[in-house]
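What follows is a short report on a single structure.
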Amino acid sequence: MDKKPSKLAPRTPMPERPAKERVKDFFEVTTGYTLDMAVQEAGRCLQCKRPLCEKGCPVEVPIKAFIGHLRRGDVTEAYKAIRETNSLPAVCGRVCPQEVQCEGACVLAKKGKPVCIGRLERFTADEFAARSACEQLTGDKACRMIREDLKVACLGAGPASLTVAGYLSTLGIKVHVYEALHEPGGVLVYGIPEFRLPKAIVHREVQAMTENGVEFHLNWVGGRTVTIQDLFDDGFQAVFIGVGAGLPRFLKVPGEDLTGVFSANEYLSRANLGRAYAFPAYDTPPFPGKRVVVVGGGNVAMDSARTAMRMGAETVSLVYRRSEAEMPCRREELEHALDEGLHLEILTNPVTFTGGEDGRLTGATLERMVLGEPDDKGRCSPKCTGEFLDIPCDLAVIAVGTGPNPLLLEATPGLKRNRRGYIEVVEATGETSIPGVFAGGDIVTGAATVILAMGAGRRAAKEIARRLLGQDAPQDVPALHGGSLSVEG
Ligand code: FAD
Ligand code: SF4
Numbered sequence: 004m005d006k007k008p009s010k011l012a013p014r015t016p017m018p019e020r021p022a023k024e025r026v027k028d029f030f031e032v033t034t035g036y037t038l039d040m041a042v043q044e045a046g047r048c049l050q051c052k053r054p055l056c057e058k059g060c061p062v063e064v065p066i067k068a069f070i071g072h073l074r075r076g077d078v079t080e081a082y083k084a085i086r087e088t089n090s091l092p093a094v095c096g097r098v099c100p101q102e103v104q105c106e107g108a109c110v111l112a113k114k115g116k117p118v119c120i121g122r123l124e125r126f127t128a129d130e131f132a133a134r135s136a137c138e139q140l141t142g143d144k145a146c147r148m149i150r151e152d153l154k155v156a157c158l159g160a161g162p163a164s165l166t167v168a169g170y171l172s173t174l175g176i177k178v179h180v181y182e183a184l185h186e187p188g189g190v191l192v193y194g195i196p197e198f199r200l201p202k203a204i205v206h207r208e209v210q211a212m213t214e215n216g217v218e219f220h221l222n223w224v225g226g227r228t229v230t231i232q233d234l235f236d237d238g239f240q241a242v243f244i245g246v247g248a249g250l251p252r253f254l255k256v257p258g259e260d261l262t263g264v265f266s267a268n269e270y271l272s273r274a275n276l277g278r279a280y281a282f283p284a285y286d287t288p289p290f291p292g293k294r295v296v297v298v299g300g301g302n303v304a305m306d307s308a309r310t311a312m313r314m315g316a317e318t319v320s321l322v323y324r325r326s327e328a329e330m331p332c333r334r335e336e337l338e339h340a341l342d343e344g345l346h347l348e349i350l351t352n353p354v355t356f357t358g359g360e361d362g363r364l365t366g367a368t369l370e371r372m373v374l375g376e377p378d379d380k381g382r383c384s385p386k387c388t389g390e391f392l393d394i395p396c397d398l399a400v401i402a403v404g405t406g407p408n409p410l411l412l413e414a415t416p417g418l419k420r421n422r423r424g425y426i427e428v429v430e431a432t433g434e435t436s437i438p439g440v441f442a443g444g445d446i447v448t449g450a451a452t453v454i455l456a457m458g459a460g461r462r463a464a465k466e467i468a469r470r471l472l473g474q475d476a477p478q479d480v481p482a483l484h485g486g487s488l489s490v491e492g
């Protein structure tokens, strides 16, 4: 099966459903590789002596090794190699911005044709899950005895906490995860839509952790239902805070309180977590707009726009105050959205939303912008022109960023935060100003990416394992920090 690598071979494309068909439903846009495609793509890898791709991965996936197994068609070994460091491969294979991480660092990127590492990771995870039963998922570790005397709590069940839970549970440490919502997964279930990341995939990864001894406590709000002090009083030896940055930001312009103006968080949560798209089979009423305006230029804006299309919108306009080249979303998402009929209203910024006597949104006034000189980071600031245009709309979704939710943070005395309100940590270990309390993911960095949240979770988990297990900790757990946690009974 091993194929001779060729630097010149083109990247193996991944099949996707036609735009006209997929825009009418919430099924996945891309359909994934077959085994033949995966082996062909893996055959392009040069198996470099110094695999630069691995330097680009925040959770240190052994990329060369897993692709090496795939070249021989050995999905099981490929999967095991990935799972050495990544608890959520089916998710990462779908949503990571590989173009700026592993694929961006791949030696073949210089020729514009990096190995499709993300697609291979997705294939491996899906194929393995389809083939195998639970005990194969974590090999001999699935039935590992969990040591009930070693207890760690995670607050929030997004990718950062799931990584901590996945890593520590395979070492036999008991992990309890406390999540405010009624489903684990964080943004993976409430934010990223089904057509990009099917919920079944997140459920599958969570299920594997449950079978490995992780306990999930849903509808538990850290800071309200449970405090960090309560957890220490209950005998937990370490606490990891992975509560994300889910507090929506608004534009603060007149009319933003009209019926029909939503934060992207609320809009996407209703559609995804509440499954409003399947109403009335699910209880959440949809808010289907016919003429929709989405404000923002990132992945969240793109997901909101594409969700609105699938909820029956006739037009969806993306209002963004800079130019298309500066939109921070992934290029692939933008291309998919344009294929599906997205209209770009670039270099414009909303100044007012207007409504009828019934308080419902009827339109938006946008100011035209121009780009100023680039700043020291090379990014041009938008400047007002004093020219305006009106566009009618009955639904507006504001996707201009989020901030930290202060609920847990304010209920935790002694937890140091930076001036933007995010938790301060020692970078190498994730430890906060409170000994034994760690944090990572968006609540530390601000809104970022799944893989960066996972990388932070992994660093914290390594440090917790080192302190709890001492010399029994795995070899690769470095002695990063001097402290030690008390382990009783
Ligand atoms: P989250 O995923 O936010 O999880 C935090 C969890 O904590 C949530 O479940 C929340 O309910 C829970 N919580 C909050 N407060 C409490 C509390 N007090 N007590 C208990 N639980 C609490 N990244 C990518 O890499 N690729 C993408 O394509 C991508 N697309 C995105 C699309 C959208 C719509 C959004 C919103 C984000 C996207 N991101 C993407 C960013 C990525 O999802 C986040 O960076 C990542 O999920 C952060 O992980 P986290 O674990 O820190 O937090
Ligand atoms: Fe293969 Fe690219 Fe990694 Fe080299 S850098 S091992 S070619 S994926």
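The sequence shown begins at 4 in the numbering used here and counts up by one. Beta carbons: idealized from backbone N, C-alpha and C, even for Gly. These figures come from a predicted structure and were not determined experimentally.
Q) What is the DSSP secondary structure of E348, reduced to helix, strand or coil? A) strand
(Q) Within a Cβ cutoff of 7 Å, which residues of the same chain sit near K293, ignoring the five residues on either side of it in sequence? (A) A316, E317, D397
Q.
I'd like the list of long-range same chain contacts for I120, defined as Cβ closer than 8 Å, with 5 residues on each side in sequence excluded.
A. C56, I66, I70, Q101, C105, E106, C109
Q. Quick one: is the Cβ of C60 within less than 6 Å of any heavy atom of the ligand FAD?
A. no
Q. Touch check for the region 76-95 and the region 450-470: three-plus C-beta pairs under 8 Å?
A. yes
Q.
For P162 and V453, which I take to be in contact (beta-carbon distance under 8 Å), what is that distance rounded to the nearest angstrom?
A. 5 Å
Q) Do C56 and the ligand SF4 come close, with the Cβ less than 6 Å from some heavy atom? A) yes
Q. Can you find a heavy atom of the ligand SF4 that lies under 6 Å from the Cβ of C51?
A. yes
Q. Is T435 near the ligand FAD, judged by its Cβ being under 6 Å from some heavy atom?
A. no
**Q.** Secondary structure of E338, DSSP reduced to three states
**A.** helix
Q. In chain order, what residues of the same chain have a beta carbon less than 6 Å from the beta carbon of A450, not counting five sequence neighbours either side?
A. A248, T405
Q) Who are the near neighbours of S272 in its chain, counting only those whose CB is closer than 8 Å to its CB and skipping five residues on each side? A) Y193, G194
Q.
I'd like the ranges of any alpha helix (DSSP H) spanning at least 4 consecutive residues and lying wholly in the region 128-212.
A. 137-140, 162-173, 190-193
Q | Beta-carbon proximity list for S90, same chain, < 8 Å, skipping 5 on both sides | A | L165, T166, A168, G169, Y170, E208, M212, M457
Q.
What does the alpha-carbon distance come out to for the pair G277 and N215?
A. 28 Å
Q.
Going residue by residue through the region 72-137, where are the continuous alpha helix (DSSP H) segments of at least 4 residues, counting only ones entirely within it?
A. 78-86, 92-98, 105-108, 120-134
Q.
Comparing C-alpha positions only, which one of S266, E182, V319 sits nearest to V403?
A. S266
Q.
Less than 7 Å between the C-beta atoms of L418 and L410, yes or no?
A. no
Q. Looking only at C-alpha atoms, which of Y285, C157, G188, A112 sits nearest to V178?
A. C157
Q | Residue environment, R227, which counts as buried when at least 16 other CB atoms sit within 10 Å | A | exposed
Q: Just confirm the distance between the C-beta atoms of T127 and A81, as a whole number of angstroms; I'd bet it's less than 8 Å.
A: 5 Å
Q) Roughly how many whole angstroms lie between the Cα atoms of K144 and C332? A) Because the pLDDT at K144 is just 44, under 50, the model does not fix this residue reliably, and the value given afterwards should be weighed accordingly. K144 and C332: Cα-Cα distance of roughly 38 Å.
Q. How would you label T15, buried or exposed, when you count the other beta carbons within 10 angstroms and need 16 or more for buried?
A. buried
Q) L364 bridges to which residues according to DSSP? A) G358
Q.
Helix, strand or coil for G473? Go by DSSP, reduced to three states.
A. helix
Q.
Is the beta carbon of T365 closer than 7 Å to that of G258?
A. no
**Q.** CA-to-CA distance, D39 to L261, given in whole angstroms
**A.** 53 Å
Q: Please list, in chain order, all residues of the same chain as E197 whose beta carbon is under 6 Å from its beta carbon, the five residues on each side excluded.
A: F29
Q. Where do the N-terminal and C-terminal ends of the beta strand (DSSP E) with Y285 fall, by residue?
A. Segment: none, Y285 is in no beta strand (DSSP E) and carries neither H nor E.
Q. Does the distance from the C-beta atom of V224 to that of A183 stay below 7 Å?
A. yes
Q | For T37, the residue or residues it bridges with in DSSP | A | Looking at the DSSP assignment, T37 forms no beta bridge with any residue, so it has no partner.
Q.
With three or more C-beta pairs closer than 8 Å as the rule, is the region 275-291 touching the region 419-432?
A. no
Q | Endpoints, the alpha helix (DSSP H) within which F235 is located | A | 231-236
Q) What did DSSP end up calling F69 once you bin it into helix, strand or coil? A) helix
**Q.** Integer Cβ distance of F131 from T79, believed to fall under 8 Å
**A.** 7 Å
(Q) Buried or exposed, going by whether 16 or more other CB atoms sit within 10 Å of the CB of M4? (A) Model confidence at M4 stands at a pLDDT of 47, short of 50, so the residue's coordinates are unreliable; what they give is reported in the following sentence. Exposed: under 16 other Cβ atoms inside 10 Å.
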